[in-house]
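Just so we're aligned, residue 71 is where the sequence shown starts under our numbering, counting upward by one. Glycine is no exception: its CB is placed at the ideal position from the N, C-alpha and C atoms.
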Amino acid sequence: EEPVGEATIDRINPRIDPQSRTFLAYVELDGGTSDAPVAAGEHLIADVEATRYENVIPVPREAFLGRTVYVASAPDEDGVSVARRVEPHVVKMLSQIALVRPEAGQIEDGDRVVVSNLEDIAEGSKLRPVESDAQADGA
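Below, the structure written as structure tokens:
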């Protein structure tokens with residue numbers, strides 16, 4: 071098929087499918103007009119020029135309070151977790167996610183991070199995690 075033109079990534083959905091390692095991206099066709107060859111909502115196949123980051127994990131930007139992120143421990147038998155304050159090594163800050171370098175004792179792949187009520191949390195705070203939309207969807 072013939073290319074329809076160039077586009078700019080407008081935003082990226084921060085939910086990443088862990089099995090396929092894919093995500094949704096919203097693009098804006100350069101020079102887009104009402105008679106554009108692609109209608110809103112259509113799916114496209116694209117060649118994307120991007121920097122590849124190795125050995126990083128995505129963390130939602132909303133989990134950051136300044137440079138701090140709170141990681142929730144595994145829940146105990148009552149479903150209660152404990153908050154641990156970390157300052158992860160941020161490789162790249164994007165509009166919706168931060169790419170951070172996993173480090174033992176800081177943040178590791180699979181850790182659960184706190185994304186709400188950050189102003190009320192401190193090291194050692196008791197947490198009762200709620201299921202996120204991504205977890206509910208099986209992601």
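If you compare the alpha carbons of Gly-194, Glu-98, Ala-110 with that of Ile-82, the shortest gap goes to Glu-98.
Buried is the label assigned to Val-139, since at least 16 other Cβ atoms lie within 10 Å of its Cβ. Per DSSP, the beta-bridge partners of Val-152 are Lys-196. Relative to the Cα of Lys-196, the nearest Cα in the group Gly-149, Arg-171, Glu-178, Val-156 belongs to Gly-149. Taking a 10 Å sphere around the C-beta of Ala-110, we find fewer than 16 other C-beta atoms and assign the residue as exposed. Around the beta carbon of Ala-144, fewer than 16 other beta carbons sit within 10 angstroms, so the residue counts as exposed.
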